[in-house]
Each structure stands twice: as C-alpha cells, then as structure tokens.
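Heads up: the structure comes next, in structure tokens.
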Amino acid sequence: MENKITKSLILIIVAFIFLRCSTDDNGENLSSQPEEHIGVFLDSPVEGLFYESESFSGYTDAKGQFSYAEGEQIVFFVGDIKIGSAVGQEEITPISIASTSDATLESKEVKNIAAFLQTLDIDGDPENGIKIEQTVVDALEMDTVNFSGSITQVIGEIVNDVNQRTGIDLNPVYPEEAATHLAASLNTSYEPDDLLFTDFLPTIESWNIYAKPYLPNTASIWIHKTDENGNPSQSIQYEKHPYRIVRTYTYSNYNEFNLPKNIETQYYNYGEPGNKAMNQVTYNLEGQLSSWSNANSSNWKYDLEKNEDGSIKAISSYFNSNLAHKNVFIYNESGNLIKEIRYKNESESSVIYEHSYTYTEFGEMETLSMLFNNEQALEYLWEYSYDENNVLIERHRETVDLLGRDRTDTYFYNEEERLERLLIKVGDYVSDYVEFYPNGDPKKAETTYQGFLYEIVIWDENGYSEWKIIEEDTGNYRIEYKDQDENILKTEYYDSQGNLISIKE
Numbered sequence: 074m075e076n077k078i079t080k081s082l083i084l085i086i087v088a089f090i091f092l093r094c095s096t097d098d099n100g101e102n103l104s105s106q107p108e109e110h111i112g113v114f115l116d117s118p119v120e121g122l123f124y125e126s127e128s129f130s131g132y133t134d135a136k137g138q139f140s141y142a143e144g145e146q147i148v149f150f151v152g153d154i155k156i157g158s159a160v161g162q163e164e165i166t167p168i169s170i171a172s173t174s175d176a177t178l179e180s181k182e183v184k185n186i187a188a189f190l191q192t193l194d195i196d197g198d199p200e201n202g203i204k205i206e207q208t209v210v211d212a213l214e215m216d217t218v219n220f221s222g223s224i225t226q227v228i229g230e231i232v233n234d235v236n237q238r239t240g241i242d243l244n245p246v247y248p249e250e251a252a253t254h255l256a257a258s259l260n261t262s263y264e265p266d267d268l269l270f271t272d273f274l275p276t277i278e279s280w281n282i283y284a285k286p287y288l289p290n291t292a293s294i295w296i297h298k299t300d301e302n303g304n305p306s307q308s309i310q311y312e313k314h315p316y317r318i319v320r321t322y323t324y325s326n327y328n329e330f331n332l333p334k335n336i337e338t339q340y341y342n343y344g345e346p347g348n349k350a351m352n353q354v355t356y357n358l359e360g361q362l363s364s365w366s367n368a369n370s371s372n373w374k375y376d377l378e379k380n381e382d383g384s385i386k387a388i389s390s391y392f393n394s395n396l397a398h399k400n401v402f403i404y405n406e407s408g409n410l411i412k413e414i415r416y417k418n419e420s421e422s423s424v425i426y427e428h429s430y431t432y433t434e435f436g437e438m439e440t441l442s443m444l445f446n447n448e449q450a451l452e453y454l455w456e457y458s459y460d461e462n463n464v465l466i467e468r469h470r471e472t473v474d475l476l477g478r479d480r481t482d483t484y485f486y487n488e489e490e491r492l493e494r495l496l497i498k499v500g501d502y503v504s505d506y507v508e509f510y511p512n513g514d515p516k517k518a519e520t521t522y523q524g525f526l527y528e529i530v531i532w533d534e535n536g537y538s539e540w541k542i543i544e545e546d547t548g549n550y551r552i553e554y555k556d557q558d559e560n561i562l563k564t565e566y567y568d569s570q571g572n573l574i575s576i577k578e
C-alpha cells in the first residue's frame with residue numbers, strides 16, 4: 074500500500090515538473106516572436122509593392138503600409154523585379170532602398186526608382202497615391218531592371234508591353250519629372266536639370282504636330298533608346314490602334330550638352346518603311362532645342378517657341394530668311410493638340426486657318442474643325458468613327474461647295490486603316506472611288522449623275538489615267554488619256570457598240 078502511494082506521488086511530481094517545463098518553453102517561444110511595427114513606403118503612398126523580411130511578407134496597402142520587425146532587412150519587389158531593400162523603419166522611400174552609397178534625391182538610382190514606380194501607377198496621377206495593380210505587374214516582360222543605368226528605354230517598353238497585353242494606358246514618367254514629385258512628397262524641392270528629359274524628349278514627342286494627319290499623344294507610344302553613355306540614340310513612335318510603327322528618329326553628331334545636331338527621320342506607311350529625311354537642329358545658350366532645318370533644303374528654317382514642359386508652343390517658318398507663316402499650338406492636359414492657328418505674320422489678325430480637335434474617351438481623334446480665313450470663309454467639320462478595337466473605319470464631313478451645292482465626303486477604311494473606298498456626293502453627282510493602291514492613291518472611280526453612270530476613271534501606279542465618258546442619250550462614249558497633271562494626251566471616240574470612230578492626238 075505504501076509502495077503504491079509512493080509511486081503515485083512520484084508520478085504526480087513528474088507530471089508537475091513536465092507541465093512546468095512545457096509552460097516555460099511556451100513562454101520562451103511567445104517572447105521570441107518579434108514585435109510587429111507598421112511602416113509606410115512613400116513616393117506618395119505606394120500600394121501593391123511586395124515586401125519580404127525574415128518575419129513578415131505581403132503587399133503594401135492603399136496607405137503604403139507594410140509590417141516589419143525592428144532591425145530586420147526588408148526587400149521590395151514589383152513582380153520579380155527587385156527595386157531595393159532597407160532596414161525596417163516607419164518611413165521608407167526610394168532614397169532608403171537605393172544601393173548607391175549616401176543616396177540623395179539627386180542620385181540617378183533614386184530618380185530611376187521613382188520614375189519606375191510612378192510609371193506603373195494605374196491612373197497616371199501620383200498626386201493621389203501610386204497604385205500598382207497585379208494586372209499591370211503580370212504584363213511586364215522584364216524580371217530585372219538596372220536602376221543605376223539609363224531607364225529611359227525601360228519606361229517606354231513598360232508602357233508598350235502593358236498596353237499591348239492589357240489595353241491599359243500607363244503614363245510614362247521620366248526621372249526628372251519623377252524626382253520633382255518625390256521631392257514634393259518629402260516636403261523638399263528639386264530643380265530638374267537634365268536637358269534630355271526637360272527639353273529634348275518633350276520637343277521630339279510634340280514634333281509630329283506639324284505632321285498631317287496628326288497622331289494624338291494618347292494614341293501613340295514612344296520608346297526612347299540611349300547609348301552606353303546615356304545619350305539619346307533613337308526614338309521610335311508606335312501607333313496603338315492598329316499597333317504599328319509610325320516613325321523613327323535616329324540621332325548623331327552630339328554637342329557639348331550630349332544632345333544630337335543631326336536627326337534622321339524614317340517615316341512608315343501602314344507599318345512599312347517609307348520616305349527618309351535628314352534634319353539639322355540647333356540649340357540656344359541654355360541647351361534647349363531652338364530650331365531645325367532640312368539638310369536637303371537650305372531655303373527653309375523653322376524656329377521654335379516652347380512651353381515650360383518642353384513641348385512646342387509655336388513654329389515660325391522662314392523661307393530664304395523671310396517669315397512665311399507662324400503656327401501656334403494649344404494642348405489639353407493629356408498633351409493632345411486641341412487648337413492649331415496659322416498666321417501670315419506676327420500679327421494676331423493675320424489668321425490663315427484655325428484647326429480645332431476633340432478626342433474620344435480612348436484617346437483617338439473624334440472631330441476636326443477646319444476654318445479657313447479666305448474670301449469664302451470655308452469651314453469643315455470632320456467626324457471620325459471607330460470599331461470595337463478602336464481602329465478607324467470611317468471619316469466623314471458635310472459642307473457646301475463654292476457653287477452653293479451640298480457636299481459630303483466619306484472615307485471608308487479596312488482593319489489596317491487603309492483607305493478602301495471614298496464616296497463624294499455633290500448635288501446630283503456621286504463619285505465612288507472603289508479601288509485604291511496600297512499607298513492610298515486611287516485606282517478606279519465611277520461617277521453618276523442622277524443615277525446614270527456617265528464617267529469611269531482608271532489610274533495606273535504612275536498617275537496616268539484613262540477617263541471613259543458616256544453620253545446618256547446615245548450611249549456613245551470617249552476615252553481621254555491623261556498624264557499625272559490631268560493634261561489630255563489623246564482622245565478616242567466610240568459608238569454605243571464599242572466601235573472606234575476616231576482618234577484625236
């Protein structure tokens with residue numbers, strides 16, 4: 074009996090000791106769990122960054138908040154792209170995570186990280202915070218970015234890749250602009266001083282305002298390439314709908330500001346290489362691009378006036394040193410042209426014409442109003458229609474001709490935006506251009522008068538043409554052979570049965 078009591082007592086003591094040890098162990102485990110602190114990633118608060126440390130991982134929230142343990146290193150990612158790391162603290166910025174020793178707002182790496190993050194912002198407005206959506210992250214082709222090198226081309230490729238894979242339009246933000254915003258977020262100041270971003274590229278991107286037809290800023294994507302020294306080497310403009318290359322600018326012969334003196338322009342027609350032009354550009358004493366001229370024509374020179382953002386405000390065109398005309402340009406917040414006015418001279422009363430533009434919600438041209446300040450004071454309103462893929466399918470205008478007749482012009486386009494039909498109605502006349510060459514030149518047209526087909530025109534690829542003109546009452550017809558200037562070279566006369574009657578040379 075005594076032995077049983079002794080054994081029971083021993084079991085109770087052992088159980089108590091085991092329980093006490095177990096409790097002590099649990100206490101040790103609980104006390105070793107690090108305390109959770111909350112920090113903010115700031116360049117405006119950034120939402121959607123993945124972060125990872127020894128104790129915590131996740132995505133920054135709408136306030137830019139993340140969890141961290143004191144003393145632990147945190148690594149930040151966008152997808153597979155590591156943007157930097159820092160020891161956990163209440164506020165982390167692109168300066169904090171830069172690998173550059175003693176990084177500041179002026180450090181290239183810091184400005185590049187800020188440009189990268191602001192470009193990924195889904196609504197393109199970092200003032201209301203930066204939100205990086207997973208759809209955008211999944212569309213990125215790259216898995217690494219060298220933030221210590223030139224990021225100019227990377228920014229364009231990001232915008233291009235995301236647009237092509239998702240249809241999302243990101244706003245490209247380059248380092249100087251990004252640093253200005255970051256400075257404001259940190260309650261400090263920054264003066265942009267890199268002419269490549271503050272002047273040269275904005276000028277290049279607005280250069281096409283002089284091209285016809287005008288391609289809106291919101292309907293195109295730019296990729297700017299740089300050489301190993303960070304100097305601009307080439308700029309490529311793409312049209313979004315349909316997606317294809319529009320033009321390239323290739324740069325050479327650099328000045329003391331590391332900006333090019335020569336620009337070779339390669340134009341593309343429907344994505345295929347077309348004409349080339351070589352331009353020579355000059356700069357003012359501050360290093361801003363101030364004029365250009367065609368290397369093959371010394372008669373013309375174009376002087377530029379700029380807006381604060383570097384975009385072209387006005388172009389004064391000189392022929393043999395005399396002012397031929399001056400064009401003034403006004404833009405909306407998206408950088409699209411909303412008005413162009415051409416003047417004969419510097420006087421505001423010397424208007425030659427005024428063009429006004431409106432745009433669709435997806436950034437393509439919606440209307441073009443053309444007012445000509447001549448004796449007839451002609452005014453045209455072009456309206457543009459698009460398919461579900463935002464590809465142009467029709468361009469239409471209604472007007473009154475010089476004889477007072479109602480006139481409508483309707484252009485029809487295929488899925489490549491190649492002209493496939495043109496219908497012109499003037500009073501009782503209807504001209505139907507039913508065939509075109511790949512470059513857009515007409516190949517065949519038929520004209521009716523009050524429903525009677527009286528004229529058929531066929532053009533060859535060199536611009537020579539045959540005009541068949543039919544008499545309604547007899548059925549007899551003649552064929553006029555014309556040169557490129559529509560001068561008659563020969564006329565053949567036929568009866569209604571197609572028998573040749575006579576020839577006039």
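In this text, residue positions in the sequence shown follow our numbering: the first is 74, and each later residue adds one. Where is the CB? At the ideal position from N, CA and C, for every residue including glycine. Bear in mind the structure is a predicted one, so any value in this text is a computation, not a measurement.
Judged by their CB atoms, Asn352 and Trp365 are nearer to each other than the 8 Å cut-off.
Excluding sequence positions up to five before and after Thr433, its CB lies within less than 6 Å of the CB of Glu439, all in the same chain and listed in chain order. For the segment 268-329, the full-length alpha helix (DSSP H) segments reaching 4 residues or more read 274-279 along the chain.
Short of 6 Å from the beta carbon of Phe220, and not among the five residues preceding or following it, lie these beta carbons of its own chain, in chain order: Glu182, Asn185 and Ile186. The residue from Lys563, Ala251 and Glu545 with its alpha-carbon nearest to that of Glu553 is Lys563.
Of the residues Val209, Gln191 and Ser394, the one whose Cα lies closest to the Cα of Gly202 is Gln191.
Taking 8 Å as the cut-off, the beta carbon of Val218 is found closer than this to the beta carbon of Ile154.
The secondary-structure analysis by DSSP pairs His398 across a beta bridge with Ser390.
A Cβ-Cβ contact shorter than 8 Å links Tyr522 with Tyr502.
Judged by DSSP in its simplified three-state form, Phe129 adopts coil rather than helix or strand. Annotation: the continuous alpha helix (DSSP H) that includes Leu255 extends over Pro248 to Ser258.
Taking each of Ser128, Ser223, Ile170 and Pro107 in turn and checking the Cα distance to Val113, the smallest one comes out for Ile170. In the DSSP annotation of this structure, the continuous segment of the alpha helix (DSSP H) that includes Phe189 starts and ends at Lys181 to Leu193.
When Cβ pairs closer than 8 Å are counted between the two stretches, the segment 318-328 is seen not to touch the segment 251-263, the count staying below three. For the segment 436-467, the continuous beta strand (DSSP E) assignments of 3+ residues that do not extend past its boundaries occur at 438-445 and 452-459, in sequence order. C-alpha of Val354 to C-alpha of Ile336: approximately 7 Å in a straight line.
Residue range Thr225 to Thr239 is occupied by the alpha helix (DSSP H) that includes Asp234.
Here Ala212 carries a helix assignment [DSSP, helix/strand/coil]. In the displayed model, Pro167 falls within a helix according to three-state DSSP. Sixteen is the threshold: when 16 or more other Cβ atoms of the shown chains lie within 10 Å of the Cβ of Ser308, as they do, the residue is buried. The DSSP-derived three-state label of Pro511 is coil.
Short of 6 Å from the beta carbon of Leu444, and not among the five residues preceding or following it, lie these beta carbons of its own chain, in chain order: Glu427 and Glu452. With fewer than 16 neighbouring CB atoms inside 10 Å of its own CB, Ala284 falls in the exposed class. The beta carbons of Leu115 and Phe149 sit no closer together than 8 Å.
Between Tyr430 and Asn409 the beta-carbon gap is near 7 Å, inside 8 Å, which marks them as a contact. For Pro346, the uninterrupted beta strand (DSSP E) run begins and ends at Glu345 to Tyr356, by DSSP.
Taking C-alpha positions only, Asn233 is separated from Gln226 by approximately 11 Å. With contacts defined by Cβ atoms closer than 8 Å, Asp505 and Glu519 form a contacting pair.
Annotation for Glu493: the continuous beta strand (DSSP E) segment containing it runs Leu492 to Val499.
Between the beta-carbon of Ser126 and that of Ala142 there is about 7 Å, and that keeps the pair under the 8 Å contact cut. Between Asn244 and the set Asn260, Asp216, Asn512 and Asp198, the nearest pair of CA atoms involves Asp198. For Leu454, same chain residues with a beta-carbon under 7 Å away, outside a window of 5 residues either side, are Thr440, Ser442 and Arg470 in chain order.
In the DSSP assignment, Ala518 is bridged to Tyr506 and Val530. The alpha-carbon of Gln339 is positioned some 44 Å away from that of Gly137. When DSSP reads this structure, Ala159 sits in a beta bridge with Ile147. Annotation: Phe273 to Gln310 spans about 15 Å, alpha carbon to alpha carbon.
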